[in-house]
Each structure stands twice: as C-alpha cells, then as structure tokens.
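Chemist: Residue numbers for the sequence shown follow the working numbering, beginning at 233 and rising by one.
Using N, Cα and C, we set each Cβ at its ideal position, and we do this for glycine too.
Please read these numbers as outputs of a predicted model, since none were measured by experiment.
I am attaching a structure below and will ask some questions about it afterwards.
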Amino acid sequence: MTQSQEILPDLEFLALQAIRTGRQLAKSWRASFPEIDGKLHAKFGNTLIRLNEGEVFSSYDEHIWPKMEQALVKDLNEYRDGYGSYALESDTRYDDLWDRELEEKRRLMECWKAFKSARQMLIDRRRSVKYAAFFAG
Numbered sequence: 233m234t235q236s237q238e239i240l241p242d243l244e245f246l247a248l249q250a251i252r253t254g255r256q257l258a259k260s261w262r263a264s265f266p267e268i269d270g271k272l273h274a275k276f277g278n279t280l281i282r283l284n285e286g287e288v289f290s291s292y293d294e295h296i297w298p299k300m301e302q303a304l305v306k307d308l309n310e311y312r313d314g315y316g317s318y319a320l321e322s323d324t325r326y327d328d329l330w331d332r333e334l335e336e337k338r339r340l341m342e343c344w345k346a347f348k349s350a351r352q353m354l355i356d357r358r359r360s361v362k363y364a365a366f367f368a369g
C-alpha cells in the first residue's frame with residue numbers, strides 16, 4: 233500500500249455509524265414532528281421503529297427516504313423562506329438562528345444528512361469490497 237492510499241474503515245464500524253445516526257434521526261424526528269404527505273404518514277411510524285431497532289436497510293423504507301428529505305426541506309422552507317433548501321446543501325452547524333424552533337428543525341436536518349451520509353458510506357464500502365474480491369479473484 234502506498235502512502236497516498238487511505239486506510240478504509242471496516243464494515244462493522246460503518247454499520248455502527250449508520251445504526252447510531254439512524255437511531256438519532258428517529259429520536260430527533262419524534263421531537264420535531266415534520267409532516268409527511270399522504271398515506272405514507274401512516275407507515276412512517278414503522279420506519280422510526282425500525283430505525284430505533286437498528287434496521288437501516290429495510291426494503292419497506294426505501295421509498296420513504298426521499299419523502300423524509302422532501303418533508304424536511306418543505307418544513308424548513310415554510311418556517312424560514314429558502315432555509316430548507318440551503319440547509320440540505322450546506323453545513324449549518326454554525327448558523328446563528330436566534331430561534332429555538334428553527335434551531336430544532338436545523339438539528340433534525342443535520343441528523344438526516346448524517347444518517348444519509350453514513351448509510352451511503354456503508355453501501356459504497358460494501359460495494360468496494362465486492363469489486364475488490366472480483367478483481368482479486
């Protein structure tokens with residue numbers, strides 16, 4: 233291995249990150265309660281239960297992830313014009329909002345982004361293991 237190559241985190245560590253960020257997302261979501269449109273709302277409670285239990289790859293939830301993100305952006309945009317779209321794309325940890333409710337909503341968005349990133353990192357790392365095995369064998 234050359235010095236320019238990074239040491240990759242193992243799958244167990246990445247899985248633990250995804251599970252923990254999912255659990256934090258469920259906890260934060262329950263505290264803020266952004267609305268999710270339509271019939272999905274009835275099934276969404278089950279998604280939060282699965283996240284609490286560490287299930288971050290349930291096939292029942294794959295169609296819910298985009299709806300969650302849309303709900304977060306919409307909720308923040310309605311509270312402060314354009315802030316949801318901004319918060320989805322930017323690091324908002326250091327934003328001085330001077331508004332307790334907006335701060336809670338901002339934290340929820342950061343939880344969502346951390347979960348989404350941790351989950352994708354695990355997916356990508358797992359895929360890299362498969363490719364490495366394919367090319368090595």
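(1) Just to confirm my understanding: we take arginine 262, look at its own chain, exclude 5 residues before and 5 after, and list those with CB closer than 7 Å. What are they?
(2) Using a Cβ-Cβ cutoff of less than 7 Å, which residues in the same chain neighbour lysine 337 once the five nearest sequence positions on both sides are dropped?
(3) Could you spell out the range, first to last residue, of the alpha helix (DSSP H) harbouring leucine 248?
(4) Closest to alanine 250 by C-alpha separation, out of Ser260, Asp323, Phe347, Leu243, would be which residue?
(5) Using C-beta distances below 6 Å, list every residue in its chain close to isoleucine 296, excluding the 5 sequence neighbours before and after it, in chain order.
(6) Please classify arginine 325: does DSSP put it in a helix, a strand, or coil?
Modeler: On the basis of the coordinates in this document:
(1) If you ignore the 5 residues before and after arginine 262, its C-beta comes within less than 7 Å of the C-beta of Leu280, all in its own chain and listed in chain order.
(2) Listed in chain order, the non-local C-beta contacts of lysine 337 below 7 Å within the same chain comprise Ser264, Asp307, Leu308, Tyr311, local neighbours out to five positions each way being set aside.
(3) Judged by DSSP secondary structure, leucine 248 falls within the alpha helix (DSSP H) whose first and last residues are 243-264.
(4) Selected option, being the one with the closest Cα: Phe347.
(5) Excluding sequence neighbours, isoleucine 296 sits near Thr279.
(6) Arginine 325 sits in coil when the DSSP states are folded into three classes, being neither helix nor strand.
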